[in-house]
Amino acid sequence: MILHTWLDLDSGGSGSLKGIACSGFVICLGVVNEIKDAHVPSSTCIYDECLILISQDACPMVKNILLLDSEGKRVAVKYYSDDWPTNNAKLAFEKSLFAKTMKSNARTEAEITMFDNYIVVYKFVQDLHFFVTGGDDENELILASVLQGFFDSVSLLLRSTVDKREALENLDLIFLCLDEIVEKGMILETDANVIAGKVAVNSMDPSAPLSEQV
Numbered sequence: 001m002i003l004h005t006w007l008d009l010d011s012g013g014s015g016s017l018k019g020i021a022c023s024g025f026v027i028c029l030g031v032v033n034e035i036k037d038a039h040v041p042s043s044t045c046i047y048d049e050c051l052i053l054i055s056q057d058a059c060p061m062v063k064n065i066l067l068l069d070s071e072g073k074r075v076a077v078k079y080y081s082d083d084w085p086t087n088n089a090k091l092a093f094e095k096s097l098f099a100k101t102m103k104s105n106a107r108t109e110a111e112i113t114m115f116d117n118y119i120v121v122y123k124f125v126q127d128l129h130f131f132v133t134g135g136d137d138e139n140e141l142i143l144a145s146v147l148q149g150f151f152d153s154v155s156l157l158l159r160s161t162v163d164k165r166e167a168l169e170n171l172d173l174i175f176l177c178l179d180e181i182v183e184k185g186m187i188l189e190t191d192a193n194v195i196a197g198k199v200a201v202n203s204m205d206p207s208a209p210l211s212e213q214v
């Protein structure tokens with residue numbers, strides 16, 4: 001999980017948030033061995049022998065992840081916010097964002113822009129444009145890590161042939177990547193090797209449901 005990059009814990013299971021952590025995480029005193037028989041609320045997760053209460057309002061949140069082609073048309077998109085209540089609103093956002101960024105030099109490294117009061121990080125490769133959108137108060141480094149995790153995991157799964165044709169032929173893998181990275185706007189994972197590994201396992205499971213483009 002991405003949490004391990006945010007927490008600085010001591011041997012007693014307590015510690016402090018560091019770097020780009022969200023201030024809403026609360027570290028509970030006591031290790032898992034002492035509370036494993038206790039009732040754990042659904043908003044709580046256990047990680048590295050400590051109990052972490054997560055406030056969704058204080059966590060880094062992703063508004064959407066977009067994969068567009070070189071003409072600004074959809075390849076794969078996922079929205080995690082009601083900021084765009086209709087499909088037409090989503091399409092209008094994608095069209096405007098593409099028009100704003102299409103001439104930028106985002107092929108060597110990711111770029112960051114403010115657009116319609118959102119922070120957007122993006123990167124281009126071949127005929128594909130990768131975007132991650134967050135609120136105007138989100139940390140750019142966190143959004144950039146989501147973008148890089150998405151890009152790198154797709155590259156691993158497509159065996160470095162990252163273009164529109166390969167992406168369309170492997171849309172199931174693309175959407176499984178998105179499911180491993182973000183759920184309901186909350187960041188789950190940014191390590192490309194972990195993401196690609198889980199997707200590879202899930203893609204071999206015939207009972208695993210595939211995401212639908214929304």
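Letter by letter, the sequence shown follows residues 1 to 214 of full-length UniProt numbering.
Ideal Cβ positions, reconstructed from N, Cα and C, are used throughout, including at glycine.
Simplified DSSP assignment, three categories, for residue i
i, result
"lysine 123", "strand"
"leucine 113", "The sequence given here places threonine at residue 113; leucine does not occur at that position. Of the three classes helix, strand and coil, the one that applies to threonine 113 here is strand, per DSSP."
"aspartate 163", "coil"
"lysine 63", "strand"
"threonine 86", "coil"
"glutamate 169", "helix"
"threonine 133", "strand"
"glutamate 183", "strand"
Chain-order list of residues whose beta-carbon lies under 8 angstroms from that of residue i (same chain, five-residue window excluded)
i, result
"glutamate 166", "Leu158"
"valine 199", "Ser153, Leu157, Leu173, Leu176, Cys177, Glu180"
"lysine 100", "Thr113, Phe115"
"aspartate 136", "Met114, Asn117, Tyr118, Ile119"
Sequence-distant residues of the same chain with beta carbon closer than 7 angstroms to residue i, five excluded per side
i, result
"valine 75", "Leu67, Leu68, Asp69, Leu128, Lys164, Ala167, Leu168"
"lysine 184", "Tyr80"
"leucine 171", "Ala76"
Residue i, buried or exposed, once every other Cβ within 10 Å from all chains shown has been counted against 16
i, result
"isoleucine 195", "buried"
"asparagine 88", "exposed"
"glutamate 94", "buried"
"residue 223", "Nothing about residue 223 can be reported from this structure: the residues present for the chain run from 1 to 214 only."
"alanine 106", "buried"
"alanine 92", "exposed"
Identified DSSP bridge partners for residue i
i, result
"aspartate 69", "Leu128"
"arginine 107", "Per DSSP, none; premise fails for arginine 107."
"lysine 76", "Strictly speaking, residue 76 in this sequence is alanine, with lysine absent from that position. Answer is Leu67."
Beta-carbon contacts of residue i that lie in its chain and below 6 angstroms, excluding the five residues immediately before and after
i, result
"asparagine 33", "Legend: pLDDT at asparagine 33 = 39, less than 50; position of this residue unreliable, value from coordinates given subsequently. Counting only Cβ-Cβ distances below 6 angstroms, and skipping sequence neighbours, we find nothing."
Option nearest residue i by Cα separation, candidates the options
i, options, result
"glycine 134", "Ala92, Lys78, Lys73", "Lys78"
"glutamate 140", "Tyr118, Lys73, Thr108", "Tyr118"
"phenylalanine 150", "Thr190, Gly72, Lys90", "Thr190"
"aspartate 83", "Lys73, Asn64, Gly72, Glu71", "Asn64"
"leucine 147", "Val125, Ala92, Phe93", "Val125"
"glutamate 71", "Phe130, Glu109, Thr108, Glu111", "Phe130"
"tyrosine 122", "Asp136, Ser104, Glu138", "Ser104"
"alanine 110", "Leu171, Met204, Asp137, Leu143", "Leu143"
"tryptophan 193", "Ser155, Thr161, Val162", "Per the sequence shown, the amino acid found at residue 193 is asparagine instead of tryptophan. Of the listed residues, the one whose Cα sits closest to asparagine 193 is Ser155."
8 angstroms Cβ cutoff, residue i in contact with chain D
i, result
"aspartate 127", "Note that chain D does not occur in the displayed structure, where there is just one protein chain."
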